[in-house]
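**Student:** The opening residue of the sequence shown carries number 788 in the working numbering; numbering runs sequentially from there.
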Amino acid sequence: MSLKLVNISKIFNDPDHPKKKVAAVEDVNLEIYEGEMVSFLGPSGCGKTTTLRMVSGFETPTTGEIWLSGKMINDLPPNKRDTAMVFQSYAIFPHLSVRQNIAFGLELKGYDKKTIEGEVDKIMEIMDLQDYSNRRPDQLSGGQQQRVALARSIINKPSMLLFDEPLSNLDAKLREQMRFEIRKIQQSFKITSIYVTHDQAEAMIVSDRIVVMNKGHIMQIGTPFEIYSKPANQFVADFVGRVNSVQGKITSLDSGDGFSVDFDGSVKKIPGKLKNAAVGDTVNAIVRPESLKVKDFNSQDTALFHGKIIKMVYLGPTVEYDIEIPGRDPIYAVTHNPIEEGFFSVGDEVSVDFSPVAVHLLEAQE
């Protein structure tokens, strides 16, 4: 089942100023395709949960249209939308066993006992819950409770699954494990899904595409790779992972796609496209920490920058450095395989460079 949002907005009254209106979501347009898992990612208050609640029917759009499989559903109540919500709090019944919780939706729909038992057996095996059939929720771990909530939603075979920050109540290790489980389950059932989160790593792992939101607006829609490596603006670049924004000046427009950019006297040919770019314009080179090359300082080196290590954090497979660059903001770098590449200590002088293909250009005013 596919979903289409057309010019969706949600306006609330400001509780502190009753005559003032606040746009929680403004003019959102989005299409989600059958079997796709799309994450809404953004800071608190960006509009991602409000958008999800409009899709589910718990909020009504102020303007715009919501289409599910070619049918406009604006006026349908939540129980008529053929969607299922997986809540942050799990929302499973504490007085019912695992089996009874999972069967509840089918019982409401009036299925016969034999059909219910067969469907519950199948879903419990898929979710690896068959050994917990008669336990109550308070006898389960957080991860097991989350699987029960998922099973209860999936067994009703909804057209769309809606996840409202489902892992926020779990500890870090269990959260990492459940990300992969949710993705595996969604792919095995091929259920069109929306996943709301403020966790960038979580969105990267579970998503076919990510919708980055801020202040009620969509900032970018793309695959995890596109969002990370080719952010559409400075907000996306800063919000999704750590990033270095290195200013330079365009010295020439190269034939084909790309520019020659001057960074403090060192010119690099950077691939990419910018609207209305002209010679002399200032641009931001977006460089991820892992794309930087850090080496021993050599006065004869043609590296882009020379600097001094002001912070070093050893993490086993990686080493993180903060590097002070004269006349610029500090640069953050991550090196891999430190056993081969060696270590630098605080106070060491180093050279810093990057490959042009690892850079994404943005207009400086963004």
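For each residue, glycine too, the CB sits at the ideal point set by N, CA and C.
Using the three-state DSSP reduction, which class does Glu813 fall into: helix, strand or coil?
**Tutor:** strand
**Student:** Determine which residues share a DSSP beta bridge with Tyr1119 and list them.
**Tutor:** Asp1109
**Student:** Pro865 by DSSP, collapsed to three states: which one?
**Tutor:** The three-state reading of DSSP puts Pro865 in helix, counting H, G and I together.
**Student:** When DSSP labels each residue in this structure, what does Gln1021 get in the three-state scheme?
**Tutor:** helix
**Student:** Determine contact between the segment 813-821 and the segment 994-1006, defined as no fewer than three beta-carbon pairs at a distance below 8 angstroms.
**Tutor:** yes
**Student:** Quick check: the Cα distance between Glu1077 and Glu823, rounded to an integer number of angstroms?
**Tutor:** 29 angstroms
**Student:** With H, G and I counted as helix, E and B as strand and the rest as coil, what does DSSP make of Ile819?
**Tutor:** When DSSP states are grouped into helix, strand and coil, Ile819 belongs to the strand group.
**Student:** So is Met872 buried or exposed if we call it buried at 16+ other beta carbons inside 10 Å?
**Tutor:** buried
**Student:** Relative to the C-alpha of Val1146, which candidate in Gln987, Glu1013 and Asp1116 has its C-alpha closest?
**Tutor:** The candidate whose alpha carbon is nearest that of Val1146 is Glu1013.
**Student:** Is Gly929 helix, strand or coil by DSSP?
**Tutor:** helix
**Student:** Between which two residues does the alpha helix (DSSP H) containing Met965 stretch?
**Tutor:** Secondary structure note for Met965: its alpha helix (DSSP H) is the uninterrupted segment Ala959 to Phe976.
**Student:** Thinking just about the alpha-carbon of each residue, which of Phe1046, Asn1085 and Asp1083 is nearest to the one in Val1066?
**Tutor:** Phe1046
**Student:** Taking the alpha-carbon positions, what's the Gly930 to Ile969 distance?
**Tutor:** 11 angstroms
**Student:** Taking the alpha carbon of Lys1056 as the reference point, which residue from Leu1091, Pro1125 and Phe1022 has its own alpha carbon closest?
**Tutor:** Leu1091
**Student:** Between Ala1151 and His1093, what straight-line distance do the alpha-carbon atoms span, to the nearest angstrom?
**Tutor:** 23 angstroms
**Student:** Taking the alpha carbon of Ile1097 as the reference point, which residue from Gly1134, Thr850 and Val842 has its own alpha carbon closest?
**Tutor:** Gly1134
**Student:** Taking one C-beta from the segment 827-839 and one from the segment 802-809 each time, how about it: are there three or more such pairs within less than 8 angstroms?
**Tutor:** no
**Student:** Under the DSSP definition of a beta bridge, which residues are partnered with Met859?
**Tutor:** Trp854
**Student:** Quick one: what does DSSP say Tyr982 is sitting in, helix, strand or coil?
**Tutor:** strand
**Student:** Can you list, in chain order, the residues of its chain with a C-beta nearer than 8 angstroms to that of Phe967? Leave out the 5 residues immediately preceding and following it.
**Tutor:** Ile992
**Student:** From Gly857 to Pro1011, what distance separates their C-alpha atoms?
**Tutor:** 27 angstroms
**Student:** Val993 lies in the beta strand (DSSP E); which residues open and close that run?
**Tutor:** No beta strand (DSSP E) contains Val993, which is instead part of the alpha helix (DSSP H) from Gln987 to Val993.
**Student:** Spell out a yes or no on whether the segment 886-906 and the segment 839-852 are touching, meaning 3 or more CB-CB pairs, one atom from each, closer than 8 angstroms.
**Tutor:** Between the segment 886-906 and the segment 839-852, the count of C-beta pairs closer than 8 angstroms stays below three; the two stretches do not touch.
**Student:** Give me the Cα-Cα distance between Val1144 and Pro1058, rounded to the nearest whole angstrom.
**Tutor:** Rounded to whole angstroms, Val1144 to Pro1058 spans 7 angstroms at the Cα level.
**Student:** Using DSSP bridges, identify the partner residues of Gln1007.
**Tutor:** Val999
**Student:** For the alpha helix (DSSP H) holding Met841, just list the boundary residues, first then last.
**Tutor:** Lys835 to Ser843
**Student:** Give the range of the beta strand (DSSP E) segment to which Gly1225 is assigned.
**Tutor:** Absent from the model: residue 1225. The displayed extent of the chain is 788 to 1153, so no value can be given.
**Student:** So for Leu937, helix, strand or coil by DSSP?
**Tutor:** When DSSP states are grouped into helix, strand and coil, Leu937 belongs to the helix group.
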